[in-house]
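Encoded as structure tokens, the structure appears first; notes follow it.
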Amino acid sequence: MMARGRVNALAIVAIVVVAATVTAGLIVAGGPGVERQRRLDDRRSQDLDVLVMAIQRHYNRHHSLPPSLDTLSVEHEMLDVPVDPETRAPYRYEVTAPTAYRLCATFQTRSDDTFGRSSWAHDSGSVCFGRGALTPDRNAN
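To get the numbering used here, take the position in the sequence shown, counting from 1, and add 53.
Quick look at the structure:
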């Protein structure tokens, strides 16, 4: 009888330890909702990478920045201009000088710079990134 009581006590301790570990993991990781927000923010960063490349291609061809992001699809720099993966709103783009511009996105989380995404390091909320000093690629069409 004493052995059975010990087994039950050990089982209860094990359950409590497992429950505490899972709870701590969810608190540290933020749970599935925060992970979804991080994935959406990573997609936003990838979209900004794609936009920078298309803007550079446009600059190489035309020796000027596109007046709007919509120009990139009209000028065949890309098939579809990416939009925010959640809201479907266009990313904000502003020409600030003949060879400089800003791209803006609204992020839900603060970026984690451990994976080398420092060019898109951001806080949560609306963030704009200045880009510029474009040099035409001499090999471009």
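Glycine residues also receive a C-beta, built at the ideal position from the N, C-alpha and C atoms.
Which listed residue (the options) has its alpha carbon closest to that of residue i
i	options	result
residue 174	126, 112 and 158	158
residue 176	163, 184, 187 and 188	163
residue 123	116, 113 and 142	142
residue 139	59, 68, 63 and 95	95
Through-space distance from residue j to residue i, alpha-carbon basis
i	j	result
residue 93	residue 147	23 Å
residue 188	residue 70	59 Å
residue 109	residue 68	57 Å
DSSP-derived helix/strand/coil call for residue i
i	result
residue 180	strand
residue 88	helix
Residues near residue i by beta carbon distance below 7 Å, same chain, minus five either side
i	result
residue 179	157 and 159
residue 90	161 and 162
Sequence-distant residues of its chain with Cβ nearer than 8 Å to residue i (five each side left out)
i	result
residue 185	149, 150, 152, 153 and 154
residue 103	131 and 135
Boundaries of the alpha helix (DSSP H) in which residue i is found, first to last residue
i	result
residue 124	123-127
Segment limits, beta strand (DSSP E) that includes residue i
i	result
residue 145	145-150
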